[in-house]
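Undergrad: For the protein sequence lines, the chains are A and B, in the order given. The first sequence begins at 4 in this note's numbering and counts up by one. The second sequence begins at 4 in this note's numbering and counts up by one.
2 protein chains.
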Amino acid sequence: MPQGTPSTVPDDGLTTRQRRNRALVVVHTGEMKGKSTAAFGMALRAWNQGWPIGVFQFVKSAKWRVGEETALRALGDVHAQSGAGGPVSWHKMGAGWSWTRRQGTDTDHAADALEGWQQIKRDLAAETYRFYVLDEFTYPMDWGWVDVDDVVATLRDRPGQQHVVITGRRAAPALVEAADLVVQMTKVKHPMDAGQKGQRGIEW
Amino acid sequence: MPQGTPSTVPDDGLTTRQRRNRALVVVHTGEMKGKSTAAFGMALRAWNQGWPIGVFQFVKSAKWRVGEETALRALGDVHAQSGAGGPVSWHKMGAGWSWTRRQGTDTDHAADALEGWQQIKRDLAAETYRFYVLDEFTYPMDWGWVDVDDVVATLRDRPGQQHVVITGRRAAPALVEAADLVVQMTKVKHPMDAGQKGQRGIEW
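What follows is the structure in structure tokens.
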């Protein structure tokens, strides 16, 4: 929340304005719900700024993110029709696998995930979007499919004003170190502990 | 995330289907960003289900939630025009104050907040919405403006299938106890610690 007063003022040679407009790398990690959900909530603010939004979804199942995808695509349509907000592009990388259930061979999925990351690198180099959601992107890094050092270097050297939000458990220490903002979602109480099943409109 | 297998099956006499469709009280608390953002991300899923969404915003400043409000209102307009998704109502309670900066007298703000809560009670009784965001609603409870026991009893006895998400720091223990799902957002790293200023498109 905008409290206005930073706890320290760095000796980085930047003006307040430059510091205000610095593009961020954000990581949402931890064991609990809300990591991706908060990333898509951030996308609403980006949309309202008219920023081009690119979502790269690194897990896929029939239900996964269908609500967020439909709503954000609808906002992209609003932009296309009325000029309000910004355009939205939604990409599914490595179709058919998820961190809970992998189908097909690991080799295929690794290649899909790596191709997804190569696309992101191309988009970052071209400044295609202003706001990126790399949803569940920690997993292909955790599994060794995508090289963490390559991700960190690419993010560090990206041009222009591109905000990047990465979600998922087990964020690599080098990624956490490189990020500007890291939020950990921790569990206080979860309804599945009390036998609640996942449900429509809440989990997807 | 929908893992499918609850860790325990409760002896509550409910079928799996009944348990799947149980309306939830969700609390997003903790010191870190993402509490409200994740609630608005959840609203995208609710919208995609066609559920009527009611947002009750218990803090207000010129910038506050303007991105989320504009985007969710745009989704409400999509519903009105095409029938896709659900309708969205956005209510601002206790205008002119926030947890960082109160203007006017506490007496006025307490009355505004209490009237806001009375409106929510009427809407819950009438089943006006299927998905509620009570944004920053922990603060009027924390300040004694709204009675926590009344909130807990009202939520416990609410009719039908109404999901309620409450955000804010310092959630009352009785509210945490009454909630089905409680997520705590904790800080790992925050750019304001390094002198970063709040910025357009990220904080609002």
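For glycine and all other residues, C-beta sits at the position ideal for the given N, C-alpha and C. Note that this is a predicted model, so its numbers are computed, not measured.
Please classify B/M188: does DSSP put it in a helix, a strand, or coil?
TA: Position 185 of the second sequence, counted from the first residue, corresponds to residue 188 of chain B. Reduced to three states, the DSSP call for B/M188 is strand.
Undergrad: Using a Cβ cut-off of 8 Å, which residues of the region 71-97 of chain A contact any Cβ in chain B, in chain order?
TA: Listed by position, the residues of the region 71-97 of chain A near chain B (Cβ gap below 8 Å) are E71, T73, A74, L75, A77, L78, D80, V81, A87, G88.
Undergrad: If you reduce the DSSP assignment to three classes, tell me which class A/K36 lands in.
TA: In the first sequence, residue 36 of chain A corresponds to position 33, counting from 1. Three-state DSSP puts A/K36 in coil, outside helix and strand.
Undergrad: Less than 9 Å between CB atoms is the rule here; does A/R25 satisfy it with respect to chain B?
TA: To locate residue 25 of chain A, count along the first sequence from 1; it is residue 22. Closer than 9 Å: yes.
Undergrad: Candidates A/V151, A/G57, A/A177, A/N51: which alpha carbon is nearest A/E130's?
TA: Mapped onto the first sequence, residue 130 of chain A falls at position 127. That would be A/G57, whose Cα lies nearest to the Cα of A/E130.
Undergrad: What does DSSP give as the partner residue(s) for A/Q60 in the beta ladder?
TA: As a position in the first sequence, residue 60 of chain A is number 57, starting the count at 1. According to DSSP, which records beta bridges pairwise, A/Q60 is partnered with A/K95, A/D138.
Undergrad: Got a sec, what are the start and stop residues for the alpha helix (DSSP H) B/V69 sits in?
TA: Here residue 69 of chain B refers to the residue found at position 66 of the second sequence. First-last of the alpha helix (DSSP H) with B/V69: 69-85.
Undergrad: Would you tell me roughly how many angstroms separate the C-alpha atoms of A/H82 and B/S92, rounded to the nearest one?
TA: To locate residue 82 of chain A, count along the first sequence from 1; it is residue 79. To locate residue 92 of chain B, count along the second sequence from 1; it is residue 89. Distance between the alpha carbons of A/H82 and B/S92 is about 21 Å.
Undergrad: If you pair each beta-carbon of the region 133-151 of chain A with each one of the region 159-179 of chain A, do three or more pairs fall below 8 Å?
TA: Touching, per the Cβ criterion.
Undergrad: Helix, strand or coil, according to DSSP, for A/W102 in the structure here?
TA: To locate residue 102 of chain A, count along the first sequence from 1; it is residue 99. Residue confidence is low: A/W102 scores 45 on pLDDT, short of 50, so the model does not pin down where it sits. Its coordinate-derived value is still stated next. Coil.
Undergrad: So if DSSP puts A/H112 in a beta bridge, which residue, or which two residues, is it bridged to?
TA: Translated into positions along the first sequence, residue 112 of chain A becomes position 109. According to DSSP, A/H112 bridges with nothing at all.
Undergrad: Buried or exposed: where does A/Q187 fall if 16 or more other Cβ atoms within 10 Å of its Cβ makes it buried?
TA: Along the first sequence, one-based indexing puts residue 187 of chain A at 184. So A/Q187 ends up on the buried side.
Undergrad: Where does B/D160 land, buried or exposed, given buried means 16+ other C-beta within 10 angstroms?
TA: The sequence position of residue 160 of chain B within the second sequence is 157, counting from 1. Classification for B/D160: exposed.
Undergrad: Nearest to A/G33 by alpha carbon, out of A/G204, A/Q202, A/V179?
TA: Indexing the first sequence from 1 puts residue 33 of chain A at position 30. Nearest C-alpha to A/G33: A/V179.
Undergrad: Are any of the Cβ atoms in chain B nearer than 9 Å to that of A/H235?
TA: For chain A, the structure presents residues 4 to 207; residue 235 of chain A sits outside this window and is missing.
Undergrad: Which residues does DSSP list as the beta-bridge partners of A/T170?
TA: As a position in the first sequence, residue 170 of chain A is number 167, starting the count at 1. Its beta-bridge partners are A/H31.
Undergrad: So which residues on chain B does A/V69 lean against when the C-beta distance must stay under 9 Å?
TA: The residue you call residue 69 of chain A lines up with position 66 of the first sequence. R48, N51, listed in chain order.
Undergrad: Between B/W120 and the rest of its own chain, which residues show a CB-CB distance below 6 Å, the 5 nearest in sequence each way excluded?
TA: As a working note, residue 120 of chain B is residue 117 in the second sequence. Excluding positions up to five away in sequence, the list reads V149.
Undergrad: With distances taken between CB atoms, is the gap from A/F43 to A/M96 smaller than 9 Å?
TA: As a first step, residue 43 of chain A is located in the first sequence; it is residue number 40 there, counting from the start. As a first step, residue 96 of chain A is located in the first sequence; it is residue number 93 there, counting from the start. Contact flag unset, no.
Undergrad: So, helix, strand or coil for B/L47, using DSSP?
TA: Position 44 of the second sequence, counting from 1, holds the residue named residue 47 of chain B. Helix, per DSSP.
Undergrad: Starting from A/D183, trace the alpha helix (DSSP H) in both directions and tell me its first and last residue.
TA: The residue you call residue 183 of chain A lines up with position 180 of the first sequence. Looking at the DSSP string, A/D183 is not in any alpha helix (DSSP H), and its letter there is neither H nor E.
Undergrad: Using alpha carbons as the reference points, say which of B/N51, B/L127, B/Q164, B/A87 lies closest to B/A156.
TA: If you number the second sequence from 1, residue 156 of chain B lands on position 153. B/A156 has its Cα closest to that of B/L127, out of B/N51, B/L127, B/Q164, B/A87.
Undergrad: Report the CB separation of B/Q52 from A/G147 in whole angstroms; it is logged as a contact under 8 Å.
TA: Locating residue 52 of chain B in the second sequence gives position 49, counting from the first residue. Locating residue 147 of chain A in the first sequence gives position 144, counting from the first residue. That belief does not hold up - the Cβ atoms of B/Q52 and A/G147 are roughly 37 Å apart, past 8 Å.
Undergrad: Let me know the secondary structure DSSP gives B/V149 once reduced to three states.
TA: On the second sequence, residue 149 of chain B is found 146 positions in, with the first residue counted as 1. Coil.
Undergrad: Just to confirm before moving on: does the CB-CB distance between B/F134 and B/M35 stay below 9 Å?
TA: The sequence position of residue 134 of chain B within the second sequence is 131, counting from 1. The sequence position of residue 35 of chain B within the second sequence is 32, counting from 1. In this structure, B/M35 does not lie closer than 9 Å to B/F134 by Cβ.
Undergrad: Under a three-way DSSP split, which group does B/Q122 fall into?
TA: Here residue 122 of chain B is taken as the residue at index 119 of the second sequence, counted from 1. In the structure shown, B/Q122 sits in a helix (DSSP, three-state: H, G or I).
Undergrad: Taking the alpha-carbon positions, what's the B/A41 to A/D111 distance?
TA: If you number the second sequence from 1, residue 41 of chain B lands on position 38. If you number the first sequence from 1, residue 111 of chain A lands on position 108. Cα to Cα, B/A41 sits roughly 33 Å from A/D111.
Undergrad: Leaving aside the five residues before and after B/G163 along the sequence, list all residues of the same chain whose C-beta is less than 6 Å from its C-beta, in chain order.
TA: Residue numbering aside, residue 163 of chain B sits at position 160 when the second sequence is read from its first letter. Taken in chain order, the residues that qualify are E130.
Undergrad: Roughly how many whole angstroms lie between the Cα atoms of A/R76 and A/Y132?
TA: Here the question's residue 76 of chain A lines up with position 73 in the first sequence. Here the question's residue 132 of chain A lines up with position 129 in the first sequence. Answer to the nearest angstrom: the Cα atoms are 15 Å apart.
Undergrad: Quick one: is B/R48 buried, meaning 16 or more other Cβ sit within 10 Å of its Cβ, or exposed?
TA: The sequence position of residue 48 of chain B within the second sequence is 45, counting from 1. By the neighbour-count rule (16 or more Cβ atoms within 10 Å), B/R48 is buried.
Undergrad: Give a yes or no on whether 9 Å exceeds the smallest Cβ distance from A/M45 to chain E.
TA: Within the model displayed, chain E is absent; protein chains A and B are what it includes.
Undergrad: Compare the C-beta of A/T189 against all C-beta atoms of chain B and say whether one is closer than 9 Å.
TA: Position 186 of the first sequence, counted from the first residue, corresponds to residue 189 of chain A. Closer than 9 Å: yes.
Undergrad: So A/D153 and A/V28 are in contact, right, with Cβ under 8 Å, and what is the actual spacing, rounded?
TA: As a position in the first sequence, residue 153 of chain A is number 150, starting the count at 1. As a position in the first sequence, residue 28 of chain A is number 25, starting the count at 1. Contact flag wrong, Cβ pair sits at about 14 Å.
Undergrad: Spell out whether any CB of chain B is found under 9 Å from the CB atom of A/K192.
TA: Along the first sequence, read from residue 1 onward, the residue named residue 192 of chain A stands at position 189. Closer than 9 Å: yes.
Undergrad: Please report whether the beta-carbon of A/A175 lies at a distance below 9 Å from any beta-carbon of chain B.
TA: Working through the first sequence from its first residue, we reach residue 175 of chain A at position 172. By this cut-off, A/A175 is not an interface position.
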